[in-house]
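For reference, the structure discussed in these notes is given below.
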Amino acid sequence: MELLQTTIEKFKNTIRLTDEEKLSATHEALSKIDINSKIFIDTYPRAASINNIYPGTKNGEDWDDWTVGFWTGMLWLSYELTRKPQYRKVAEFQMRAYKYRIENKIHVNHHDLGFLFSLSAVAQHTVTGSEVAKEVGIKAADHLIGRFKEKGEFIQAWGDLNDPNAYRLIIDCNMNVPLLFWATEVTGNPIYREIATKHINTAAKVVLREDSSTHHTYYFDPATGNPLKGVTAQGFSDDSAWARGQAWGVYGFPLAYSYTKDPKFITLYKKVTNYFLNKLPQDNVCYWDLVFSDGSNQERDTSAAAIAVCGILEMDQYLEDSDPDKAIYMNAAHAIMKSLIEKYTTKDLDHSNGLLTQAVYSKPHNSGINECNIWGDYYFLEALVRINKKNWKKYW
Ligand code: GLY
Numbered sequence: 006m007e008l009l010q011t012t013i014e015k016f017k018n019t020i021r022l023t024d025e026e027k028l029s030a031t032h033e034a035l036s037k038i039d040i041n042s043k044i045f046i047d048t049y050p051r052a053a054s055i056n057n058i059y060p061g062t063k064n065g066e067d068w069d070d071w072t073v074g075f076w077t078g079m080l081w082l083s084y085e086l087t088r089k090p091q092y093r094k095v096a097e098f099q100m101r102a103y104k105y106r107i108e109n110k111i112h113v114n115h116h117d118l119g120f121l122f123s124l125s126a127v128a129q130h131t132v133t134g135s136e137v138a139k140e141v142g143i144k145a146a147d148h149l150i151g152r153f154k155e156k157g158e159f160i161q162a163w164g165d166l167n168d169p170n171a172y173r174l175i176i177d178c179n180m181n182v183p184l185l186f187w188a189t190e191v192t193g194n195p196i197y198r199e200i201a202t203k204h205i206n207t208a209a210k211v212v213l214r215e216d217s218s219t220h221h222t223y224y225f226d227p228a229t230g231n232p233l234k235g236v237t238a239q240g241f242s243d244d245s246a247w248a249r250g251q252a253w254g255v256y257g258f259p260l261a262y263s264y265t266k267d268p269k270f271i272t273l274y275k276k277v278t279n280y281f282l283n284k285l286p287q288d289n290v291c292y293w294d295l296v297f298s299d300g301s302n303q304e305r306d307t308s309a310a311a312i313a314v315c316g317i318l319e320m321d322q323y324l325e326d327s328d329p330d331k332a333i334y335m336n337a338a339h340a341i342m343k344s345l346i347e348k349y350t351t352k353d354l355d356h357s358n359g360l361l362t363q364a365v366y367s368k369p370h371n372s373g374i375n376e377c378n379i380w381g382d383y384y385f386l387e388a389l390v391r392i393n394k395k396n397w398k399k400y401w
């Protein structure tokens, strides 16, 4: 899908964030993180807030915990922004829990090892050179490749590895495979990269529909490995485009490009990003499924908006200056951020320990609707870091 003329018109004259706007949004975010860093030390904000307040959880306490890494990642981002020792101290302290968790295989039988360990182990190794963190990250990568299925060539997202009804990948895994690319870089062992490449190539073949919208999950035949069908888990319907899934594509394909330099990922990025931008409502912050727009009475998902911004900012460095869409993408990233900063941060709420309001965890599961969620906060902060620090080295 191309960018629609209306999308081009909408973003071609966007006024980008000023230095003052960037600084004040960053300052506001850090003021919340500062308070949280004194509370969430051995505990972590849960996936979603309740009435805009995050309760705490332990690392690996919940069977479905894939989200504690976002808080540790926010501490590393905050440390890089400010060099305040408190953030680093807490993040380093938390490494013990990640080490214990991967060594004892506590609630790690799913594919979300990237979300957990890129933002803790890889981040710590990247920022400080820690050997302990590096070993923890490699152990997580070793565990993740155990979910690779030769038949179909993909990493199985969820469920028992012998369950034929769980034989599927999901688009979210675009964000888990960077852990494998990283593991090859730091060990020299090509196995991680081979599996990552096979998975992302398979995902590239099956998740995009003809119109560049994406399936959330995709099933394969366990006997032959043949692709079977796309099914949603968190979207509105099997043929709609779950906003966060689309955003995992907008960020995941640039990350695949960053490691492989395969131009196919630029084409894929453009397709999924064009679809995402073409579907934005008036104020540029998407609804939780892209089938919805203004007047639908549905909730937004600010986390999907923040993820997409990070994807656009990552890809910007690889697009040629002569690319006619490059400036439109960057303008769109600024317009989305401006809207998030002006309308969706918690600054006007009396009580909240989150950064971004109005995210949706899973509408079909009636979970975390119109609440802060911790990955929305993480990606919002990552976007601010990327906008403030040109040469920031990613944790993914
Ligand atoms: N990766 C799960 C989600 O986006 O909700």
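Add 5 to the 1-based position in the sequence shown for our numbering, that's all there is to it.
Glycine residues also receive a C-beta, built at the ideal position from the N, C-alpha and C atoms.
Predicted model, so just to flag it, every value in this text is computed and none were measured.
For the pair Ala53 and Asn378, the CB atoms are nearer than the 8 Å cut-off. In its own chain, leaving out the 5 sequence neighbours on each side, no residue places its CB closer than 7 Å to the CB of Lys210. C-alpha of Arg173 to C-alpha of Thr23: approximately 44 Å in a straight line.
For Asn56, the secondary structure class from DSSP, reduced to helix, strand or coil, is coil. Val132 and Arg88 have their alpha carbons spaced roughly 11 Å apart.
Unbroken alpha helix (DSSP H) stretches of 4 residues or longer found wholly inside the stretch 120 to 157: 128 to 133, 136 to 150, given in chain order.
Under DSSP, Lys234 forms a beta bridge with Tyr224.
Inter-segment contact for the stretch 112 to 128 and the stretch 175 to 186 is present: three or more beta-carbon pairs are separated by less than 8 Å. Three or more beta-carbon pairs separated by less than 8 Å are not found between the stretch 369 to 376 and the stretch 312 to 322, which leaves the two stretches without contact.
When only Cα atoms are considered, Glu376 and Ser217 end up about 29 Å apart. The residues Gly65, Trp68, Asp70, in chain order, have a CB closer than 6 Å to that of His112 in the same chain once the five nearest residues on each side in sequence are set aside. The straight-line gap separating the alpha-carbon atoms of Glu347 and Lys63 is approximately 33 Å. Thr229 and Lys139 have their alpha carbons spaced roughly 37 Å apart. For Gly164 and Ile176, the gap between their C-alpha atoms comes out near 16 Å. According to the DSSP assignment, Tyr262 belongs to the alpha helix (DSSP H) that extends over 248 to 265.
For Arg173, the shortest C-beta to heavy atom distance toward ligand 1 is 7 Å or greater.
In the DSSP assignment, Gly193 falls outside any alpha helix (DSSP H) and carries neither an H nor an E. For the options Lys399, Gln161, Gly359, the alpha carbon positioned closest to that of Ser42 is the one of Gly359. Cβ contact annotation for Cys315 (same chain, cutoff 8 Å, sequence separation greater than five): Tyr256, Tyr384, Glu387, Ala388, Arg391, in chain order.
Secondary structure at Thr350: strand, using DSSP grouped into helix, strand and coil.
Within 7 Å of the C-beta of Gln287 there is not a single heavy atom belonging to ligand 1. Closest in C-alpha terms to Leu8, from the list Ile107, Ala332, Tyr366, comes Ala332. Taking a contact to require three or more Cβ pairs closer than 8 Å, the stretch 262 to 274 and the stretch 236 to 250 do not qualify as touching. Under the three-state reduction of DSSP output, Val365 falls in the strand class. Judged by beta-carbon spacing, Trp76 lies within the 8 Å limit of Pro50, meaning their Cβ atoms are closer than that value.
Taking 7 Å as the cut-off, one finds at least one heavy atom of ligand 1 near enough to the beta carbon of Asp177. For Gln239, the shortest separation between its Cβ and any heavy atom of ligand 1 lies below 7 Å. Annotated as distal: His339 and Thr12, with beta-carbon spacing of 8 Å or more. Counting only runs of at least 4 residues, the stretch 258 to 342 fully encloses the following alpha helix (DSSP H) elements, listed from N- to C-terminal order: 269 to 283, 307 to 321. Arg249 has its CB nearer than 7 Å to a heavy atom of ligand 1. Judged by the Cβ position, Trp68 fails to qualify as a neighbour of ligand 1 at the 7 Å threshold, every heavy atom of the ligand being at least this far. Rounded to the nearest whole angstrom, the CA to CA distance from Arg198 to Tyr400 is 17 Å.
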